[in-house]
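In the working numbering, the protein residues as written are 349 to 596.
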Amino acid sequence: MTQTAPVAWVTGGTGGIGSAICRELASQGYQVIAGYRNKEKAEGWLAEQHAAGFENIALSGIELDNFEACQAGVNEIRERFGSISVLVNCAGITRDTTLRKMSYEQWREVINCNLDSVFNTCRAVINDMLEHKYGRIVNISSINGRKGQFGQVNYSAAKAGMHGLTMALAQETATKNITVNTLSPGYIATDMIMKIPEEIRESIREAIPVKRYGTPEEIARAVVFLADEKSGFITGANLDINGGQFMG
Ligand code: CAA
């Protein structure tokens, strides 16, 4: 098939931050593949995107914590749309509780979804990128991978691990015009932070120097910047976008 538009795969594409990233990439002319977990929710979401004029967004329900499923899913995307040139790892979950109460399942679920998935997706796309001597990988981590967070040993470990992977893979691919970067959002106004008990949430908001949560669009802008062909000298970097809450 002839490749018409560059293909961007956004895992967790139907989520709060993911949706904004998909729309921003679609506006830039990418053929966007939005990853999802819940098919019914995703189909409704896609209809909304199309109604809003983002016709160049499609869905893919690849099971991210399954190595073989990622390989097979990427092959399918290649056949339908062409090789992936931009990968944004945005899928993530929380299972917040203190370590003394955390079950093994709560630990594993978060590590599988937030970190193993990044290995699986990168592994599935990297050979095409190496062959084409071009690629952009943006790993969406978190402020809590940078500073740790009470009640999030699983999430903080996964998000910190993500940046380790970013730095190592950036070195392995630097001569092939592939960049790998981490973007660490702070508290962004999405459903994920609405799960935090209100009192705690409010105290977190108060501690943010700009005194507000970030918006998904503020993250999406930076993703598009890192994904741009002209951003080729930025690799192995971490970009903090957190309203000044953590300056590392
Ligand atoms: N620092 C120190 N002590 C704290 C504390 C903190 N930040 N938060 C709570 N405590 C204290 C409580 O006051 C309480 O003390 P006492 O026992 O003396 O009364 C004790 O710790 C509670 O401990 P428990 O083990 O009983 O914890 P819990 O089950 O009641 O609740 C929690 C723990 C669910 C993790 C709750 O603190 C919480 O939701 N915290 C917010 C976690 C958070 O920020 N998650 C981010 C989600 S959004 C996201 O992850 C996106 C992103 O990338 C930014």
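We put the beta carbon where it would ideally sit given N, CA and C, even for glycine.
Of the candidates F581, L412, I491, E565, I491 places its Cα closest to the Cα of Y535.
DSSP lists I589 as the bridge partner or partners of P533. N386 carries a coil assignment under DSSP once its states are collapsed to helix, strand and coil. Boundaries for L447: no beta strand (DSSP E) harbours it, and the DSSP string shows neither H nor E there.
Just so you know, the alpha carbons of G383 and P557 end up roughly 33 Å apart. When secondary structure is reduced to three states using DSSP, L463 falls in the helix class.
Here W455 is not near N404, since their CB atoms are 7 Å or more apart. Residues of the same chain with a CB within less than 6 Å of the CB of T446, apart from the 5 flanking positions on each side, are G499 in chain order. Short of 6 Å from the beta carbon of I541, and not among the five residues preceding or following it, lie these beta carbons of its own chain, in chain order: Y535. Ligand 1 has no heavy atom closer than 6 Å to the beta-carbon of M510. Nearest C-alpha to L574 among Y561, Q593, T530: T530. Each residue's CA atom was taken as its position, placing A537 and N462 some 19 Å apart. One Cα belongs to A399, the other to V572, and the distance between them is close to 22 Å. Counted as a single uninterrupted DSSP element, the stretch harbouring T521 is not any beta strand (DSSP E) but the alpha helix (DSSP H) occupying residues 501 to 521. In the structure shown, the three-state DSSP call for A399 is helix. Shown here for A353: same chain residues with a beta carbon closer than 7 Å to its own, the five before and five after excluded, namely G377, Y378, Q379, N404 in chain order.
Not one heavy atom of ligand 1 is found less than 6 Å from the C-beta of M595. Counting every other CB atom within 10 Å of its CB across the protein chains shown gives S433 a total of 16 or more, marking it as buried. Contact check for N475 and N437: beta-carbon distance about 17 Å, past the 8 Å limit, so the pair fails to qualify. A straight-line Cα-Cα distance of about 41 Å links E427 and I544.
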